[in-house]
Structure formats: C-alpha cells, structure tokens
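Q:
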Amino acid sequence: MSSGSEQIPVYWPRVKEILDGVMNRWEERWGREGYPGIHEYYWETSQKLKDSVLSGYRSIEPGVPGKDTWLVKALARAVATYGKMPLRGPFLARTEVEDIITWIDTGMPEGPPKGSEE
Ligand code: HEM
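Quick note: the sequence shown uses the numbering used here, first residue 992, plus one each step.
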C-alpha cells in the first residue's frame, strides 16, 4: 500500500456485507446452503473472522499483509489445490477483494474513529 494515496476507509460492516453477499449469491446459484462443517460461511463479528481457520488455513494472521492472507488468496485465486472460493462461484468482484485487502491493511477497523465525521 503506497503511503499518501487517497484511500476511502473500509470498515467491518462493509466487509461483512461483501462476505454475506457472495454467499447469498452462491446459495442462489446452487440452490442450497454450503455443506455444514466445511466452513463457517457467515461471520457475525470481525473477531470471529479474525479467529477463523478454514480447512486448516488461518484466514487472517497478525502481520501478514491483506493480499497475502489465506482469506484473500482463497477469494481472489485459490489456496493450495483447492479452487477459488466460494467453490465454483459466483466469485467476488475485484473491487470487493480490494476492499477486504484495504480493511486488513488498515488494521481491521470496526467503524470510523469516535468523533470523526469521515
Ligand atoms: C483459507 C481459505 C479457504 C480454504 C483453505 C478453503 C478450502 C475449502 C475446501 C477444502 C472446500 C471443500 C472442497 C470440496 O468439497 O471439494 C471448500 C469448499 C467451499 N468453500 Fe472454501 N476455503 C477457504 C475460504 C473460503 C471462503 C472465504 C469462502 C466464502 C466466503 C468459502 C466458501 C466455500 C464454499 C461455498 C464451498 C463449497 C461448499 C459446498 O459445496 O457445500 N471458502 N473450501
């Protein structure tokens, strides 16, 4: 991330909306919910997402840049021999992936700092 670039802040509700949205689209496409036990598809809180381990890979790790996290790699490309996620699509738009990267790289803020007008 280049310092000094104009960046629109990304907060947790936006990240949740992106992840909920892609899973809603996946369920509509395939006409069913994801098999239980593979992943927890819905992350109610940012803490749950931060703590999540998907098929043995920790989604987000302290100190790992957003683009290099398993979460982002799974959604943008593929992890190990598994396909891009959510498996068989529909997938995230590039801008949605970028928003998740921005959120991670800016310290995963819940919302705007208190007292700020954004
Ligand atoms: C560390 C990142 C991830 C890893 C290692 C991973 C791995 C896997 C594996 C091993 C499967 C089962 C493959 C199979 O049945 O052949 C799977 C399925 C799936 N994953 Fe992921 N995944 C990751 C992230 C994600 C994320 C972030 C989402 C959604 C936002 C997601 C959504 C899905 C869905 C929808 C399926 C299909 C489940 C079904 O058919 O019921 N995955 N993933």
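Ideal Cβ placement from N, Cα and C applies to all residues, glycine included.
Keep in mind that this is a model prediction, so the values were computed, not measured.
Output the boundary residues of the alpha helix (DSSP H) element that contains Asp1059.
A: Counting from one through the sequence shown, the residue named residue 1059 turns up at place 68. No alpha helix (DSSP H) holds Asp1059; DSSP gives it neither H nor E.
Q: Pick helix, strand or coil for Val1006, following the three-state DSSP scheme.
A: Mapped onto the sequence shown, residue 1006 falls at position 15. Three-state result, Val1006: helix.
Q: Over the uninterrupted alpha helix (DSSP H) stretch that includes Ser1046, give me the two end residues.
A: In the sequence shown, the residue the question calls residue 1046 occupies position 55. First-last for Ser1046: undefined, no H or E at that position.
Q: Can you give the beta carbon distance from Gly1063 to Gly1057, rounded, assuming they're within the 8 angstroms contact cut?
A: Locating residue 1063 in the sequence shown gives position 72, counting from the first residue. Locating residue 1057 in the sequence shown gives position 66, counting from the first residue. In the sequence as displayed, the identity of residue 1063 is Val instead of Gly. Contact between Val1063 and Gly1057 holds, since their C-beta atoms are separated by about 6 angstroms, short of 8 angstroms.
Q: Whole angstroms are fine: how far does the CA of Glu1008 sit from the CA of Glu1101?
A: Looking up residue 1101 in the sequence shown gives position 110. Looking up residue 1008 in the sequence shown gives position 17. Answer to the nearest angstrom: the Cα atoms are 13 angstroms apart.
Q: Have a look at Gly1106, Pro1004, Tyr1073 and flag the residue whose alpha-carbon is nearest the alpha-carbon of Ser1037.
A: The residue given as residue 1037 occupies position 46 in the sequence shown. Closest option to Ser1037, Cα to Cα, is Pro1004.
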